[in-house]
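Undergrad: Here it is, the structure, as structure tokens.
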Amino acid sequence: MSKALLVRQLSKRYLIHDHRQRTLRDSLTRLITGQFTSVNTLWALREVNFSVEHGSTFGIIGHNGAGKSTLLRLLCGVSRPTQGEILADGRVSGILELGGGFNPNLTGRQNLRTAGILNGLTPAEIKRREEQIIAFAELERFIDQATRTYSSGMYLRLAFAAAMEFEPSVLVLDEVLTVGDERFQKKCLDRIAGLKRQGSTLIITSHSQDQIQSLCDEVLVLEEGRVVMQGDPQSALASYHDLLRRRTEERAARLPRAIPPASLKTEEGTRQGTFEASFSSVALSNLDGSPGETVESGQGLRIKLTHRLSQPINDLALLLQVYNEHHVKCFETSISSMVSTFGELLSEGTTECTIKSLPLLPGRYFVNVGLYPTDWGFMYDYHWQMHAFHIVATEPPPGHPSGIVAMAVSWASVADDRDHSLNTGRTIPR
Amino acid sequence: MHNFHLIWHLVKRDFELRYAGSVLGFLWSLVIPLSQLLMLVFVFGKVVPLNISNFPLFVFTALLPWNWFSGSLLSAGSIFTDSKDLLRHPNVKPAILIVVSLLGHLMTLFISLPVLFFMLYWYDLGISWTFLAAFPLLIVVQGILTAGLSLIIATANVFYRDVAPIIGLVVSVLFFVTPIWYAPQAKTEYAFLFQVNPMSLIVQNYRHLLLDRGGLDWSSVATAALMGMTCLTIGYLVYRRFESDVIDAI
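From first to last, the protein sequence lines stand for chains V and C.
Just so you know, we're using this note's numbering here: the first sequence kicks off at 59 and counts up by one.
Just so you know, we're using this note's numbering here: the second sequence kicks off at 671 and counts up by one.
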């Protein structure tokens, strides 16, 4: 097979039950009252087609509910397709969620043996690799205890070690890679790099766009269970942002009446959103409280954000970014839930973000702010390059620095015993 | 070959799980039928004597196949619902777990066999060649029947958790309409019960082979086999229809 993975016309339908456990009584009641359609169906994936090259790193991105997890579950075989097929050249192995895969009442070793058999190894092959896996997971002392006594970290280490030592030809990693301590994460990344050198294929999802951009060779964008595009990370991320914009527009169009945004005086940039919640003011000031859009390099900045809700909203997510004039992101911070961070959400309120120090090179910068629902599914109000400020340096730094970050630099020539130059130790005049 | 490894491993694993943390371990497979036997012999041999010759042996010949049947059925409800960790894996077809459960309970039957053979010699009956030849056939017929029923129960219980308790009830009723501790009377108005209950047909064949040293009653074995095949066909159809939903629903 020339591809590591080939997915053809893949569809997945879920039956949606009520939240409570169904019993015969419910069904009989429904039968009598004639409510046959009470089981709803949801198509989590529809006619998905894609292929993954051998030895590549393949990313899957999409908004919450776009079908990412369903697709990963299908790829790993945790769930079975309703229609279509998945053809894999070799073994697909993955770590999707904590808690699955092992039986809590069996010991780590017993679970490991089951996992080995399930991965198609013979008992002899498992015996050979067992010690290696236990050593990698650093669980020598606990391997003969029931996994229910394990901490989540131990559990994850065992799951990771098993998944990687069984040498899958396709390794599927969900966001769980962010769990576990840093040292073990590093060990895993090294092992993954090793697998890649041997020609294994990697499939990952991540909420970090930077990770997608730096790790992936190719990215698939999903939206509402369908493939939007498959391409290089750059264009995939662009398409992903485009989807966010489109979802916002669609939602705004569905609102009973268009909501005018809280008025705001700016001359440049663009503003986008449904404006169910919006910023009525974005004020920049220096740390001493004096208003102004000019900041000395290395000094701080305070941003006062006043939001207004035009209708009741339970919770908001807040995004604040600093971009330079050339659309390069210098910094980003976000609050994923205003309610859990600041308490009750009032119909009008002010949030203040203090950046203690802005180590940026002199130039023109922008504060971009956004209000989102907590699932980041669309924009209530996003301000792109609307609020400018200047970084200035009263004393120009030495050595013509360029880039984004202002670092404290000084230049010197250092005395060298072997060199009999006359200029030893003299500072280069600027 | 891989399926063989897998099933064998899972049967062993089932045993480990069942007796994890118990002192007697697999000996429970022996203790339980023997205490059942003791109880029945005490009640219907001493308290309310039925006057059946070789009564302990009479009960034990039926108790062993019955325990295989009832044990499998009683645990069938949770075969899928309790195996989330296994069903997550693409190599595990849910139907394999039915086979594993069936073999697991068959093991407990085999563990008790030496006791049965010992009793046969104790009562000077011995083991006939006819029995040794017919035994595998009876096992297969009962296996087909049990597999079919288990498949239906396991699948249905995923969607309706009432199924398992209902089966508990049904099995305890079946215990009384299967001639385990009594001999069915041919001329009563309830005689039909022993004709439509496949377990009754199987149990009576065991008795005929072991106690009367007779041959197989081919017509009753064929009837039981037919019922078993019907169950298996229905079970398979139900299972095929819901297979992909089973994994999502557990």
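All residues carry an ideal CB built from backbone N, CA and C; glycine is no exception.
Since we're looking at a predicted model, the values are computed, not measured.
Which residues share a DSSP beta bridge with Gln330 of chain V?
TA: V:Tyr440
Undergrad: Buried or exposed for Tyr423 of chain V, going by 16 or more other Cβ atoms inside 10 Å?
TA: buried
Undergrad: Tell me whether Asn344 of chain V sits in a helix, a strand or coil according to DSSP, three-state version.
TA: coil
Undergrad: In the DSSP assignment, find the alpha helix (DSSP H) that holds Arg758 of chain C and state where it starts and stops.
TA: Neither: Arg758 of chain C is in no alpha helix (DSSP H) and is coded neither H nor E.
Undergrad: Would you say Asn673 of chain C faces chain V, with C-beta separation under 7 Å as the test?
TA: Among the CB atoms of chain V, none fall inside 7 Å of the CB of Asn673 of chain C.
Undergrad: According to the Cβ coordinates, are Ser468 of chain V and Thr432 of chain V closer than 7 Å?
TA: No, these two residues do not count as a Cβ contact at 7 Å.
Undergrad: In terms of alpha-carbon separation, which member of C:Asp684, C:Ile872, C:Thr903, C:Gly905 lies closest to Ser889 of chain C?
TA: C:Ile872
Undergrad: Can you find a CB in chain C that lies within less than 7 Å of the CB of Ser127 of chain V?
TA: Chain C contact via Cβ: absent.
Undergrad: If you reduce the DSSP assignment to three classes, tell me which class Val811 of chain C lands in.
TA: Val811 of chain C falls in the helix class under three-state DSSP.
Undergrad: List the endpoints of the continuous beta strand (DSSP E) containing Asn737 of chain C.
TA: Looking at the DSSP string, Asn737 of chain C is not in any beta strand (DSSP E); the run it does join, the alpha helix (DSSP H), is 725-746.
Undergrad: Assign Glu240 of chain V to buried or exposed, taking buried as 16 or more other Cβ atoms, counted over all protein chains shown, within 10 Å of its Cβ.
TA: exposed
Undergrad: Please return the same chain residues whose Cβ sits closer than 6 Å to the Cβ of Asp275 of chain V, not counting the five positions on each side in sequence.
TA: Ser114, Thr115
Undergrad: Using only CA atoms, which one of V:Ala195, V:Leu378, V:Arg187, V:Lys387 lies nearest to Cys246 of chain V?
TA: V:Ala195
Undergrad: Under a CB-based cut-off of 7 Å, is Thr95 of chain V close to chain C?
TA: Because Thr95 of chain V carries a pLDDT of 47, less than 50, the predicted location of this residue cannot be relied on, and the following value inherits that uncertainty. Closer than 7 Å: no.
Undergrad: DSSP beta-bridge partners for Trp101 of chain V?
TA: V:Arg71
Undergrad: Which residue from V:Phe389, V:Ile393, V:His441, V:Glu281 puts its Cα closest to that of Ala124 of chain V?
TA: V:Glu281
Undergrad: Can you look up Lys857 of chain C in the DSSP assignment and give me helix, strand or coil?
TA: coil
Undergrad: Could you give the distance in angstroms between the alpha-carbon of Phe94 of chain V and the alpha-carbon of Val701 of chain C?
TA: Note that Phe94 of chain V scores 49 on pLDDT, short of 50, meaning its location in the model is unreliable; the coordinates nonetheless yield the value given after this. Near 49 Å, if we compare the C-alpha coordinates of Val701 of chain C and Phe94 of chain V.
Undergrad: Just to confirm, are Val840 of chain C and Val916 of chain C a CB contact at a threshold of 7 Å?
TA: no
Undergrad: Suppose only complete runs of 3+ residues qualify. What are the beta strand (DSSP E) ranges in the stretch 145-214 of chain V, listed by chain order?
TA: 150-153, all fully within the stretch 145-214 of chain V.
Undergrad: Kindly indicate which residue of V:Leu63, V:Ser338, V:Pro291 has the alpha-carbon position closest to the one of Arg149 of chain V.
TA: V:Leu63
Undergrad: To the nearest angstrom, how far is the alpha carbon of Thr409 of chain V from that of Ser338 of chain V?
TA: 12 Å
Undergrad: What are the residues in the stretch 839-862 of chain C lying within 8 Å of chain V by C-beta distance?
TA: none
Undergrad: Checking contacts by CB at 7 Å: is Ile837 of chain C closer than that to chain V?
TA: no
Undergrad: So Ser336 of chain V and Tyr438 of chain V are supposed to be a Cβ contact under 8 Å. How far apart are they, rounded?
TA: Between Tyr438 of chain V and Ser336 of chain V the Cβ distance is about 7 Å, and since that is below 8 Å, they are a contact.
Undergrad: Which whole-angstrom value describes the C-beta separation of Ile677 of chain C and Val770 of chain C, a residue pair presumed to lie in contact below a C-beta threshold of 8 Å?
TA: Contact between Ile677 of chain C and Val770 of chain C is confirmed by a C-beta separation of about 6 Å, below the 8 Å threshold.
Undergrad: Taking its Cβ as the centre, do 16 or more other Cβ atoms sit within 10 Å of Pro51 of chain V, making it buried, or is it exposed?
TA: In the structure as shown, chain V begins at 59 and stops at 488. Residue 51 of chain V is therefore absent and cannot be evaluated.
Undergrad: Output, in chain order, the set of chain C residues within a Cβ distance shorter than 8 Å of Ser137 of chain V.
TA: Ser914, Ile917, Asp918
Undergrad: Would you mind reading off the limits of the beta strand (DSSP E) that contains Arg366 of chain V?
TA: 359-367
Undergrad: By the 10 Å Cβ neighbour count, where 16 or more other Cβ atoms means buried, how is Asp373 of chain V classified, buried or exposed?
TA: Here Asp373 of chain V is exposed, its C-beta having fewer than 16 other C-beta atoms within 10 Å.
Undergrad: Starting from the beta carbon of Asp755 of chain C, find every residue of chain V whose beta carbon is closer than 7 Å, and list them in chain order.
TA: Gly158, Gly159, Phe160, Asn161
Undergrad: Name, please, each residue of chain C whose Cβ falls closer than 9 Å to the Cβ of Tyr72 of chain V.
TA: Asp915, Asp918
Undergrad: Between Arg488 of chain V and Gly461 of chain V, what straight-line distance do the alpha-carbon atoms span, to the nearest angstrom?
TA: Low confidence applies to Arg488 of chain V: its pLDDT is 48, below 50, so where it sits in the model is not reliable, and the reading given next is rough at best. C-alpha separation (whole angstroms): 20 Å.
Undergrad: Between the Cα of Lys387 of chain V and those of V:Asp268, V:Ile261, V:Thr399, V:Gly457, spot the shortest distance and give me the residue it belongs to.
TA: V:Asp268
Undergrad: In or out: Pro226 of chain V buried (at least 16 other Cβ within 10 Å) or exposed?
TA: Flag for Pro226 of chain V reads buried.
Undergrad: In three-state terms, what does DSSP make of Ser692 of chain C?
TA: Assigned with DSSP and collapsed to three states, Ser692 of chain C falls in coil, not helix or strand.
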